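Presented below is the structure to which this report refers.
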Amino acid sequence: MEQLDQGLDRQLRELVKMPNPQGKIADYRNLVVGLVGLRFLAQRWERGLAQYVEPATLTRQLGFSLPVDQTWAALVAQPEPTRLSQMLAHFATEPEPFFQDLFKPVNLQSKCLGSTATARQAALRAVIAQVNDLTVSATTWGTVADQLITRFAWVMQKQREVPFYTPQTISAVLAGVIGAHTTTLDSVYDPTMGTASLLLALGQRVTVDHYVGQEVDEAVAMIGRLNLLLHGVSYQQCTTYLGDVLTADQAGTQQFSAIIANPPYSVHWAANPTADDPRFAAYDKLPPKSKADLAFIEQMVYHLDDAGGVMAVALPHGVLFRQAAEGAIRRTMIERDNLIDAVIGLPANLFPGTTLPMMVLVLKKHRTTQDIFFMDASKLGRKGKNQTVLTAEQVDRIVTTYRQRIDVPNLAHVASAAEVAANQYNLNIPRYVDTYVGEPPVDLQRVTQELQATQADLARTQQAFNQMLGELAEKLGDPQKLADLQQLLKKKD
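Structure representation (structure tokens):
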């Protein structure tokens, strides 16, 4: 994550402090991110008009328009709830689908601002002023978005609210794995888009023509759409959908060059699709109702380009070895479809909201080999205050090792199809990668030499001591005193 200057860092630190601690932090997050996005969009519109761009042309370029009396400057001059409501509501009527109902999740009546109307109005004025005071340049909007998303995620985790983002180092691993296959993508898809951090991470690694995502949570979808815009992605490069991909898949029959995802872990799902649902009909069994992990995978495989599409997904390890229906599905994916390309184990406690170790499952269509690459990177990572963190060097090591696809002692192994079959299609990483590092063998010759040298030193010391006693006896000239001295030394020993 790009570092901020101290002034902007301090401003953001103050901005994420909720006015009313009794309110919901998610509501306050929606308000703050919404206001930052509104300032960004409104000022882009105002700059276009200042450059004498025709409103119709500007609307085509930006994808939206604003009435002459609904500017950011006017809102700052009169930061009243009514004026802000009008600006936010205007986007509900935008003809461009990407902007329709964009700010719907922003709730100006939320108790996050205060318990009374007067308190809420005063707090809203203060928050608008804080957002307006952010010292943002044209190149730092994306960094501001990243910082806000990360900071709110940590606050929500502390308050035991559901986390809503993927850490940037994990995004970098997933993006790097896909980037090992290509430098350009016609399209990339995230069926559980969240804040769009994975889509953006891949866009920073390779050239992407079009981003597509779906998100079940309307508020998080708003943040995802704004995050794309704040990072400089044009609305014309984005298509986003709202809804549960397992029960209301909005992507239809589209296929994508790459898929990158961090779906909810082992959640319940309906598990009752119609018999002709092509996403699940390709497999004889359905994933269990209590664990939707493989249902998400099947949905993604359906949308993966048949001509060599690649996908990287963060999942819990259970999907690798659970039997019954999941075991049968896993075997079909390996034996019949030759889809599974790699399994990469990650350190525990990397993800907010869970201390469980996670892994990256890589699938690819039209593979030319039948082996599977296994990597155990669970020993990597640096212990942070609350989470384990992968350093940039460790991310590079994981991606480079995956790209090289060779055996590395205690880290990686290329398993043949026969080896996987012999393990009954159980993909549990310890079956393939032995990370045990034994004690080094004892060098008996070296130990013997060291012992002999020590004994020689002792002998020389004893000889020198005896010589000193002899010299002392001559000086004393009294055998009895010498005998007493020797007896005293023996007692001390």
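Sequential numbering from 1 applies to the sequence shown in full-length UniProt numbering. Beta carbons: idealized from backbone N, C-alpha and C, even for Gly. All values derive from a computational prediction rather than experimental measurement.
By the neighbour-count definition (other C-beta atoms within 10 Å, threshold 16), Ser115 is an exposed residue.
The C-beta distance from Gly213 to Asp190 rounds to 5 Å, short enough to meet the 8 Å contact threshold.
Put simply, the segment 381 to 390 touches the segment 337 to 356. At least three CB pairs are less than 8 Å apart. Annotation: the continuous alpha helix (DSSP H) that includes Asp146 extends over Trp141 to Lys158. Exclusion of the five residues before and after Thr192 leaves Gln214, Glu215, Val216, Val245, Ala261, Asn262, Pro263, Pro264 and Phe296 as the residues of its chain whose Cβ lies within less than 8 Å of its Cβ. Burial is judged here by how many other beta carbons sit within 10 angstroms of a residue's own beta carbon; Gly37 has at least 16 and is buried.
Gln130 is positioned such that its CB atom lies no closer than 8 Å to that of Glu46. Between the alpha carbons of Ile178 and Ser257 lies a gap of roughly 10 Å.
Taking the C-beta atoms as reference points, Ala412 is found nearer than 8 Å to Thr401.
Check the Cα spacing between Asp5 and each of Met359, Thr448 and Val144: the tightest is with Val144. No Cβ-Cβ contact shorter than 8 Å links Tyr235 with Gly34.
For Asp217, there is no enclosing beta strand (DSSP E), since its DSSP letter is neither H nor E.
The C-beta distance from Gln147 to Leu12 rounds to 5 Å, short enough to fall under 8 Å. Fully contained in the segment 304 to 330 are the following alpha helix (DSSP H) runs of length 4 or more, in chain order: 318 to 321.
Per the Cβ contact rule, the segment 304 to 323 is in contact with the segment 164 to 184 (3 or more Cβ pairs under 8 Å).
Pairing Asp396 with Leu363 gives a Cβ-Cβ distance that is not under 8 Å. The beta carbons of Phe98 and Leu88 sit no closer together than 8 Å. Cβ contact annotation for Glu94 (same chain, cutoff 6 Å, sequence separation greater than five): Phe64 and Gln100, in chain order. In this chain, the alpha helix (DSSP H) harbouring Tyr402 covers Ala392 to Gln404. With respect to the 8 Å criterion, Ile149 and Pro79 are not classified as neighbours on the basis of their beta carbons. Residue nearest to Asp276 within the set Glu335, Gln394, Phe373 and Leu286 is Leu286 (criterion: CA-CA distance). Measuring C-alpha to C-alpha distances from Ser171 to each of Leu200, Arg151, Lys158 and Trp154 identifies Leu200 as the nearest. With fewer than 16 other beta carbons inside 10 angstroms of its own, Glu54 counts as exposed. Apart from the 5 residues on each side of it in sequence, Gln404 has no Cβ closer than 7 Å to any other Cβ in its chain. Residue Arg39 holds the alpha-carbon nearest to the alpha-carbon of Val136 among Glu335, Arg39, Gly176 and Leu66. Minimum Cα-Cα distance from Ile334 among the listed residues Phe373, Arg151 and Thr59 corresponds to Phe373.
In this structure Pro278 does not touch Asp293 by the C-beta definition: roughly 20 Å separates them, more than the 8 Å allowed. Secondary structure note for Val131: it is in no beta strand (DSSP E), and the uninterrupted alpha helix (DSSP H) holding it is Ala117 to Asp133.
Comparing alpha carbon positions, the residue from Gln43, Glu96 and Thr59 closest to Val76 is Gln43. Where Thr169 is concerned, the enclosing alpha helix (DSSP H) starts and stops at Gln168 to Gly179.
Collapsing the DSSP output to three states places Met18 in coil.
For Tyr189, the enclosing beta strand (DSSP E) starts and ends at Thr184 to Asp190. As summarised for the segment 76 to 110, the continuous alpha helix (DSSP H) elements at least 4 residues long and confined to that stretch are 81 to 90, given in chain order. Distance between Arg151 and Ala314, taken at the CA atoms: about 22 Å. Taking C-beta atoms as the reference points, Val301 and Leu356 fail to come closer than 8 Å. Linking Gly327 to Thr166 through their CA atoms gives a straight-line distance of about 28 Å.
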